[in-house]
Amino acid sequence: MSSNTTSSMTMSGSIGKVSALNTVRINKTILGHPAGLFVLFFTEMWERFSYYGMRALLVLYMTKYLILQTQAGAYVFGFGPLRGAIESVFGPMAVQPLSSQIYGIYTGLVYFTPFFGGMIADRLLGQRKTVVVGGVLMAIGHFLMAVESMFLLALMFLILGNGCFKPNISTQVGSLYPADDPRRDSAFMIFYMGVNLGAFLAPLVCGTLGQVYGWHYGFTAAGFGMCAGLVVYLWGQKFLADDQLTLKKDNKVQNAPLTSKEWKAVIGLLALAVLNIVFWAIYEQQGNTIQLFADQNTDWHFLGFEMPSTWFQAFNPAFIFLLTPFLTMFWAWQNKRNKEPASVTKMAMGCSLLGISFLVLVYIAQGLGIDQKISFLWLVLCTFIYTFGELYLSPIGLSVVTKVAPARLVGMLMGMWFLAIFFGNYLSGYIGTFYEKMPKESFFILLTVLGVASGLAIFALQRPLKNAIGHRV
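In terms of this note's numbering, the sequence shown is residues 16 to 488.
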């Protein structure tokens, strides 16, 4: 046997061993799910830690410090033109309405750019590279937040980075499972717990650092969180499924036209996304006007200790941890009896529950004076109810997108789903401008009516939506 032949066989054997090792890694399971799910779980956990850590401080930072500093003559790059553009549309604004508008624009654009991030992944870079690019951009943005003059530039980096990161981390969860794998919905519930583990820790760490020690300490901690997420993701590449872009090239279907069935699925997803706009407009008040209510009108003393008001934003993710296992078991119990609601029905219930939750604040805010405070337990009760609504809508929506979207468009359509959240987040900022113009109870009644009305609209359209998307959802 020649040395070349021997070398060739050795190389072939080595490649075979590497290929077998990769297959073992990809097929490795933890708790009955692919190991890659937990790589994505912890990556998303740290990314959400960074996002929610910054969000917990954002409105307070603007209302208590940044905008007041600009009025005193401090320079913030681009702030004057931005304020001028906003006031040219809505007229002169006081500090709180202006901060609410900026909050809405920022959180809206965070969910606008994923549409384009999904397209970049589908057509150019693939999910993995696009996620890394997004993580790097967001880390830069968080560290720039520590420099007040770079405030708007930091927001721009965060917006662009999230656009690359957000849709492509979610689609990789679906890629770990075959199309009809019954574990898919529970996988998204586990992934969603990763989201909320980060969201729970963020206000406790970043919020406390920002409020007690200085705003910039909180923002810097968020930047380190994003770096930790990048490290986890780069380490865990070997456990992830192939990019959809790679699969499309292998199957040579990337330019194939959509079939009639695929078009119906796309239109159905679009209709469902539009109906979710109001949900997100109300839900995002927890980082905007409800955070202000928590800061100005809520007593945070407990057992002789005064909690920072940003800890309010830890209630929602904490309840998600507590409720998710029970809700998953409840749905399994319903499924065995063929009584589990369809996905569209669950989402309608989620919108309605969100609206109903604010009846708690309608009740307690009646006749509440400017300097009067309520017990934080009322906010706990409100949060408990709307967390049920979130669990009935948000993870179910992500699962539906990966189930019914054509594989070659899954990144773009996940981006489209987040595009609805963009409109909802901007609408949340606009709704927030009425917070100081209306009595508190009237403002909370407005949130109640909008939530229940959007839920009823989804109930009314559930049959045509199910026909368009498919009876499996």
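Note that CB positions come from ideal geometry on N, CA and C, so glycine has one too.
In the DSSP assignment, the alpha helix (DSSP H) including residue i goes from what residue to what residue?
{"i": "Lys351", "result": "327-351"}
{"i": "Cys221", "result": "Looking at the DSSP string, Cys221 is not in any alpha helix (DSSP H), and its letter there is neither H nor E."}
{"i": "Thr274", "result": "No alpha helix (DSSP H) holds Thr274; DSSP gives it neither H nor E."}
{"i": "Pro129", "result": "129-135"}
{"i": "Ala256", "result": "No alpha helix (DSSP H) contains Ala256, which DSSP labels as neither H nor E."}
{"i": "Arg143", "result": "141-159"}
{"i": "Leu181", "result": "Checking the displayed sequence, the identity of residue 181 turns out to be Lys instead of Leu. Element bounds for Lys181: 166-190."}
{"i": "Met322", "result": "Counting along the chain, Met322 falls outside any alpha helix (DSSP H), and DSSP gives it neither H nor E."}
{"i": "Thr448", "result": "Where Thr448 is concerned, there is no enclosing alpha helix (DSSP H), given that its DSSP letter is neither H nor E."}
{"i": "Gln84", "result": "82-86"}
{"i": "Tyr378", "result": "374-380"}
{"i": "Ala357", "result": "Looking at the DSSP string, Ala357 is not in any alpha helix (DSSP H), and its letter there is neither H nor E."}
{"i": "Pro96", "result": "94-105"}
{"i": "Pro193", "result": "Premise fails: Pro193 is in no alpha helix (DSSP H) and is neither H nor E."}
{"i": "Gln116", "result": "110-125"}
{"i": "Met241", "result": "230-250"}
{"i": "Val293", "result": "292-298"}
Can you give the beta carbon distance from residue i to residue j, rounded, assuming they're within the 8 Å contact cut?
{"i": "Leu406", "j": "Ile335", "result": "7 Å"}
{"i": "Gly178", "j": "Gly68", "result": "Wrong, their Cβ atoms sit about 19 Å apart, outside the cutoff."}
{"i": "Phe373", "j": "Leu442", "result": "Actually they do not touch by this definition, with Cβ atoms about 16 Å apart."}
{"i": "Leu284", "j": "Val419", "result": "6 Å"}
{"i": "Leu152", "j": "Phe172", "result": "5 Å"}
{"i": "Gln111", "j": "Thr78", "result": "6 Å"}
{"i": "Ala202", "j": "Leu342", "result": "Not a contact, Cβ separation roughly 15 Å."}
{"i": "Thr128", "j": "Ile174", "result": "6 Å"}
{"i": "Val247", "j": "Thr58", "result": "5 Å"}
{"i": "Ile82", "j": "Ser114", "result": "6 Å"}
{"i": "Leu394", "j": "Ala309", "result": "6 Å"}
{"i": "Trp315", "j": "Pro218", "result": "Actually they do not touch by this definition, with Cβ atoms about 12 Å apart."}
{"i": "Leu408", "j": "Phe130", "result": "About 20 Å separates the two Cβ atoms, so there is no contact after all."}
{"i": "Phe474", "j": "Ala363", "result": "4 Å"}
For residue i, write down the residues that DSSP places opposite it in a beta bridge.
{"i": "Pro421", "result": "DSSP output for Pro421 lists no bridge partner at all."}
{"i": "Asp314", "result": "Ser390"}
{"i": "Thr44", "result": "Pro49"}
Would you decide whether residue i is buried or exposed? Buried here means 16 or more other CB atoms lie within 10 Å of its CB.
{"i": "Asp196", "result": "exposed"}
{"i": "Met146", "result": "Residue identity check: residue 146 is Val in the sequence provided, not Met. Val146 is buried by the Cβ-count criterion."}
{"i": "Glu321", "result": "exposed"}
{"i": "Leu109", "result": "Inspection of the sequence shows that residue 109 is occupied by Ala rather than by Leu. With fewer than 16 Cβ atoms within 10 Å of its Cβ, Ala109 is classed as exposed."}
{"i": "Ser29", "result": "Confidence in Ser29 is poor, its pLDDT being 37 and thus under 50, which makes the residue's placement unreliable; the coordinate value appears in the next sentence. That one is exposed."}
{"i": "Met204", "result": "buried"}
{"i": "Arg352", "result": "exposed"}
{"i": "Ile45", "result": "exposed"}
{"i": "Gly88", "result": "exposed"}
{"i": "Gly426", "result": "buried"}
{"i": "Asp258", "result": "buried"}
{"i": "Ile379", "result": "buried"}
{"i": "Asn482", "result": "exposed"}
{"i": "Thr274", "result": "exposed"}
{"i": "Tyr90", "result": "exposed"}
{"i": "Pro193", "result": "exposed"}
{"i": "Ser457", "result": "exposed"}
{"i": "Asn350", "result": "exposed"}
{"i": "Gln187", "result": "buried"}
{"i": "Lys43", "result": "exposed"}
{"i": "Ala71", "result": "buried"}
{"i": "Phe403", "result": "buried"}
Less than 9 Å separating the beta-carbons of residue i and residue j?
{"i": "Leu136", "j": "Leu245", "result": "Residue 136 is actually Ala in this sequence, not Leu. Taking 9 Å as the Cβ cut-off, Ala136 and Leu245 do not qualify as a contacting pair."}
{"i": "Gly229", "j": "Val74", "result": "no"}
{"i": "Ala214", "j": "Ala329", "result": "yes"}
{"i": "Asn440", "j": "Ala333", "result": "no"}
{"i": "Ser358", "j": "Ile411", "result": "yes"}
{"i": "Gly149", "j": "Lys181", "result": "yes"}
{"i": "Gly444", "j": "Gly370", "result": "no"}
{"i": "Asn291", "j": "Ser469", "result": "yes"}
{"i": "His48", "j": "Arg198", "result": "yes"}
{"i": "Leu376", "j": "Lys455", "result": "yes"}
{"i": "Gly365", "j": "Phe294", "result": "yes"}
{"i": "Thr304", "j": "Ile446", "result": "yes"}
{"i": "Glu163", "j": "His231", "result": "yes"}
{"i": "Leu168", "j": "Phe92", "result": "yes"}
{"i": "Ser185", "j": "Met429", "result": "yes"}
{"i": "Gly233", "j": "Thr223", "result": "yes"}
{"i": "Tyr207", "j": "Leu307", "result": "no"}
{"i": "Glu299", "j": "Thr122", "result": "yes"}
{"i": "Pro421", "j": "Val281", "result": "yes"}
{"i": "Leu55", "j": "Gly176", "result": "no"}
{"i": "Asn183", "j": "Gly133", "result": "yes"}
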